[in-house]
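Asks: Here it is, the structure in full.
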Amino acid sequence: MRDTVHHPLFARFYARMSVTMDAKGGVAAYRRELLAGLSGRVIEVGAGNGLNFAHYPRAVSEVVAIEPERRLRQLAATAGMRAEVPVDVVPGVAEALPVKSEAFDAAVASLVLCTVRDLPRALAELRRVLRPGGELRFFEHGLAEGRVMATAQRALDRTVWPLLFGGCHTARDPLAAITAAGFEVVTRRRIRIPETGPGAPTSPCVLGVARRAD
Ligand SMILES: C[S@@+](CC[C@H](N)C(=O)[O-])C[C@H]1O[C@@H](n2cnc3c(N)ncnc32)[C@H](O)[C@@H]1O
Numbered sequence: 007m008r009d010t011v012h013h014p015l016f017a018r019f020y021a022r023m024s025v026t027m028d029a030k031g032g033v034a035a036y037r038r039e040l041l042a043g044l045s046g047r048v049i050e051v052g053a054g055n056g057l058n059f060a061h062y063p064r065a066v067s068e069v070v071a072i073e074p075e076r077r078l079r080q081l082a083a084t085a086g087m088r089a090e091v092p093v094d095v096v097p098g099v100a101e102a103l104p105v106k107s108e109a110f111d112a113a114v115a116s117l118v119l120c121t122v123r124d125l126p127r128a129l130a131e132l133r134r135v136l137r138p139g140g141e142l143r144f145f146e147h148g149l150a151e152g153r154v155m156a157t158a159q160r161a162l163d164r165t166v167w168p169l170l171f172g173g174c175h176t177a178r179d180p181l182a183a184i185t186a187a188g189f190e191v192v193t194r195r196r197i198r199i200p201e202t203g204p205g206a207p208t209s210p211c212v213l214g215v216a217r218r219a220d
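Here is the structure:
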């Protein structure tokens, strides 16, 4: 059966590039910050090659990691076996999570809201599976605050970027989408990756915590 998300070239590229960015681009520290203080049952959507797994605190009783791309899912399964908390890697997409409603204490979205096909639907699903008051931890790149970069991002999204980078979009506004989906943003921190040097369309990032509003 064909996978719903099939990006073999991007998967190979991301598997290498993400490890370098974690080690040399400071991204591992953001992953640690993203997950600090979590406990209980956690769902992570679009887990990729599983680079978050090593950073889950021991108070997390289980991570259900959803990943639609076959090669990345295999890498995630290997990373899950090395993690200090139990990780179950499961095929699926964020827009139709294969789990029960209100079953999780927290949800994690890192560098994935740019790529899901239907952002409002993916966030509605995250809201559905969180218990009332549950947290959405997010670490996402998005629309630049500066006009020049924002214009370039929109042009890229209409042309080559999604084709080259596994369906990624650079001009989405994750904070606005999270709020529109019925989450209350509790904390957020704007960061730039890389911190110094020339900016890329994926440089403007936001890292924070939102809570299911009811
Ligand atoms: C840029 S990678 C980020 C991976 C990982 N979250 C990280 O922080 O390194 C985007 C991931 O989203 C996955 N993805 C693509 N479409 C998706 C969808 N509709 N639902 C869930 N994940 C999806 C891709 O297969 C890929 O693993």
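Count along the sequence shown starting at 1, add 6, and that's the number in the working numbering.
Virtual Cβ for every residue (Gly too), placed ideally from N, Cα, C.
1) In this structure, what does DSSP give as the bridge partners for E141?
2) Nearest CA to the CA of A85: which residue from A71, Y36, P97?
3) Where do the N-terminal and C-terminal ends of the alpha helix (DSSP H) with A6 fall, by residue?
4) Based on Cα-Cα distance, which residue from D220, T165, E190, L103 lies nearest to F144?
5) Ligand 1 and K125: does the residue's C-beta get closer than 7 Å to at least one heavy atom of that ligand?
6) Three-state secondary structure (DSSP) at H13?
7) Can you give me the start and stop residues for the alpha helix (DSSP H) that E50 sits inside?
8) I'd like the list of long-range same chain contacts for Q159, defined as Cβ closer than 7 Å, with 5 residues on each side in sequence excluded.
9) Less than 7 Å separating the Cβ of A71 from some heavy atom of ligand 1?
10) Contact between the segment 30 to 44 and the segment 195 to 206: three or more CB pairs below 8 Å?
11) Can the beta-carbon of V25 be found less than 8 Å from the beta-carbon of V48?
12) Could you give the DSSP three-state label for M23: helix, strand or coil?
13) Which of the three DSSP states is assigned to I197 in this structure?
14) Examine the Cβ distances between the segment 105 to 124 and the segment 47 to 63 and report whether three or more of them are shorter than 8 Å.
Replies: With the structure as the only source:
1) A112, R217
2) A71
3) Nothing about residue 6 can be read from this structure; the chain reaches only from 7 to 220.
4) E190
5) Note that residue 125 is Leu in the sequence shown here, rather than Lys. No, ligand 1 has no heavy atom inside 7 Å of this Cβ.
6) coil
7) No alpha helix (DSSP H) contains E50, which is instead part of the beta strand (DSSP E) from 46 to 51.
8) L149, A150, T176, A177, P207
9) no
10) yes
11) no
12) helix
13) strand
14) yes
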